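Those sequence lines, one after another, are chains P and E. Numbers 4 to 238, taken from the numbering used here, label the letters of the first sequence in order. Numbers 4 to 238, taken from the numbering used here, label the letters of the second sequence in order. Glycine is no exception: its CB is placed at the ideal position from the N, C-alpha and C atoms. All values derive from a computational prediction rather than experimental measurement.
There are 2 protein chains.
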Amino acid sequence: MLTPNDAHPEKTIVTQLRAYLAQTDLPEDGRLPPERELSAALGVSRTELRKALDVLESEGQLWRHVGKGTFVGSRPLDTFADIAALARRSNPAEVMRARLVIEPEIARAAAFTATPAAISEMRLCLARSRQADTWRQYEGWDTRLHRTIAEATQNSLLVGLFDTLNAVRRAVTWGRLRTAPLRPLPSHHSFTEHEMIVDAIEHRDMAGAATAMRTHLQTVERKLLEKQMRAANEG
Amino acid sequence: MLTPNDAHPEKTIVTQLRAYLAQTDLPEDGRLPPERELSAALGVSRTELRKALDVLESEGQLWRHVGKGTFVGSRPLDTFADIAALARRSNPAEVMRARLVIEPEIARAAAFTATPAAISEMRLCLARSRQADTWRQYEGWDTRLHRTIAEATQNSLLVGLFDTLNAVRRAVTWGRLRTAPLRPLPSHHSFTEHEMIVDAIEHRDMAGAATAMRTHLQTVERKLLEKQMRAANEG
DNA sequence: TTAGAAACCAATTTCTTTTTGGTTTATATT
DNA sequence: AATATAAACCAAAAAGAAATTGGTTTCTAA
Numbered sequence: 004m005l006t007p008n009d010a011h012p013e014k015t016i017v018t019q020l021r022a023y024l025a026q027t028d029l030p031e032d033g034r035l036p037p038e039r040e041l042s043a044a045l046g047v048s049r050t051e052l053r054k055a056l057d058v059l060e061s062e063g064q065l066w067r068h069v070g071k072g073t074f075v076g077s078r079p080l081d082t083f084a085d086i087a088a089l090a091r092r093s094n095p096a097e098v099m100r101a102r103l104v105i106e107p108e109i110a111r112a113a114a115f116t117a118t119p120a121a122i123s124e125m126r127l128c129l130a131r132s133r134q135a136d137t138w139r140q141y142e143g144w145d146t147r148l149h150r151t152i153a154e155a156t157q158n159s160l161l162v163g164l165f166d167t168l169n170a171v172r173r174a175v176t177w178g179r180l181r182t183a184p185l186r187p188l189p190s191h192h193s194f195t196e197h198e199m200i201v202d203a204i205e206h207r208d209m210a211g212a213a214t215a216m217r218t219h220l221q222t223v224e225r226k227l228l229e230k231q232m233r234a235a236n237e238g
Numbered sequence: 004m005l006t007p008n009d010a011h012p013e014k015t016i017v018t019q020l021r022a023y024l025a026q027t028d029l030p031e032d033g034r035l036p037p038e039r040e041l042s043a044a045l046g047v048s049r050t051e052l053r054k055a056l057d058v059l060e061s062e063g064q065l066w067r068h069v070g071k072g073t074f075v076g077s078r079p080l081d082t083f084a085d086i087a088a089l090a091r092r093s094n095p096a097e098v099m100r101a102r103l104v105i106e107p108e109i110a111r112a113a114a115f116t117a118t119p120a121a122i123s124e125m126r127l128c129l130a131r132s133r134q135a136d137t138w139r140q141y142e143g144w145d146t147r148l149h150r151t152i153a154e155a156t157q158n159s160l161l162v163g164l165f166d167t168l169n170a171v172r173r174a175v176t177w178g179r180l181r182t183a184p185l186r187p188l189p190s191h192h193s194f195t196e197h198e199m200i201v202d203a204i205e206h207r208d209m210a211g212a213a214t215a216m217r218t219h220l221q222t223v224e225r226k227l228l229e230k231q232m233r234a235a236n237e238g
């Protein structure tokens, strides 16, 4: 015959677990023993322990993470964005997709708020990037143009998010593929694309700015993929 | 007899180094070979090479770091995005505008990539937030819903940017104006708005997800403004 | 006195191993 | 037939070991 406890065994384990948490002196970080140890200590199977842990987690009383462990309390939120950690977890494809999500909308917002001063700085970036003697120089002006657009939103938080995105982009390794001409050619696709973005912003064309930015980033993405393909075929 | 070159041997090596830098294809990060290799390649002793590197470093043309290597260009400064600094420079209105720029696009991307598991977690958040007894609990599930949507993009960088945005949002002081009911009422606007977002994501309706998120955030913004007005009139 | 080679140091990276939550599979057990 | 259990397996993360690298010291030789 079944006792009430046997009818709801998982409830017993949850209770057992609560008692354990109440009486046990957990370390500073609130980490509790690994499931394999804890299940042995409580004299239950790992499967049953995990069911109980699921309950407590859904109640928000603890959080878990593979490789880290199980902790009481709520999952800590980082007080700082670790660029290096983000870069380690990410990859070029993700960075590109993130840019495609974020930057067109920043361009759209910039079209609404950009000042004449901001626009003339964009024009300066356009001109300098055309005059660049080396790819390194070109990249400098390209980066500055995109940041000027972010600044044109007049929203320091958006600029901060853009900087974070950009820092991760630089930190992620593309597999060193510096092919083709030694310096940017006048026919380089980015020149006209950049101008279309700035034109749209200048004309307060929000939709146009977003579209132009998206088109530009899609071209960049395609070129990078082509380079990767070539590198793969050659190597 | 001494030739001019022999009289200033380090100058020769500096020149040799400059030539090397000009003609060599450096990797993306601008790192040049370790001193031990480079000295062998240039046919000079490591001591003499280091003297030349000292010159170029003092000119600001390169930077070095133990364990990392020697790099051309200027030393990168920020490896962290300081949330506290961002929050200090920002304000509630900016945060709200940034959310309106970022989150609808995250919802759009999520509608494309969300897994059934992610969607059921969203549903769980919806249910729990409805059952919340306190505003604190409600906020917990609200936050988790928005983060689940970000996670559904399956893009760790976007999740990171969302977390940064969220951390700044928390850090910015809203003036702590918690008026009206002690707990969320069933008529609370967010409930239906949240459901529209999740519905759109579930139906892979990218435009609908973006619109629903934008509508939701605009309502949040309006409510906050109304609260501020009331607080201003009362105070 | 100076240059050069080697050894040494500590910061950093890279590679390997171990740990850990999550998942699957097979075997009992009821 | 259904469920619980144990074991194996997986990928994320941490921990540890080994190799790399700029900086410094020491010793030798010219």
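Here Gly-46/E carries a coil assignment [DSSP, helix/strand/coil]. Under DSSP, the beta-bridge partners assigned to Phe-74/E are Arg-34/E, Trp-66/E. Near chain P, meaning a CB-to-CB distance below 8 Å, the residues of the region 145-159 of chain E are Thr-156, Asn-158, Ser-159. Cβ contact annotation for Ile-86/E (same chain, cutoff 8 Å, sequence separation greater than five): Thr-167, Ala-170, Val-171, Ala-174, in chain order.
Short of 7 Å from the beta carbon of Gln-64/E, and not among the five residues preceding or following it, lie these beta carbons of its own chain, in chain order: Val-75. The straight-line gap separating the alpha-carbon atoms of Arg-111/E and Arg-126/E is approximately 18 Å. Shown here, Thr-195/P sits in a helix according to DSSP, grouped into three states. By the Cβ test, the region 153-168 of chain E is in contact with the region 99-115 of chain E, since at least three Cβ pairs between them sit closer than 8 Å.
Per DSSP, reduced to three states, the secondary structure at Arg-53/E is helical.
In this structure Ser-93/E is buried. Its beta-carbon is surrounded by 16 or more other beta-carbon atoms within 10 angstroms. Residue range 95-116 is occupied by the alpha helix (DSSP H) that includes Pro-107/P.
Relative to Leu-45/E, the option among Leu-24/E, His-219/E, Glu-62/E, Ala-212/E whose CA is nearest is Leu-24/E. DSSP places Gln-157/P outside any alpha helix (DSSP H), giving it a letter other than H or E. Scanning its chain for C-beta atoms nearer than 7 Å, with the 5 sequence neighbours on each side dropped, one finds around Leu-52/E the residues Ile-16, Glu-38, Leu-41, Ser-42, Leu-45, in chain order.
Proximity of the region 148-157 of chain E to the region 111-124 of chain E meets the contact definition, three or more beta-carbon pairs being nearer than 8 Å. An exposed status is given to Glu-229/E, since fewer than 16 other beta-carbon atoms sit within 10 Å of its beta-carbon. Here DSSP, grouped into helix, strand and coil, assigns Ala-135/P to coil. Between the alpha carbons of Glu-97/P and Gln-26/P lies a distance of about 45 Å. Of all residues in the region 26-48 of chain P, none is placed with a Cβ closer than 7 Å to any Cβ belonging to chain E. Between Glu-97/E and chain P, the shortest Cβ-Cβ separation is below 7 Å. When secondary structure is reduced to three states using DSSP, Asp-28/P falls in the coil class, being assigned neither helix nor strand.
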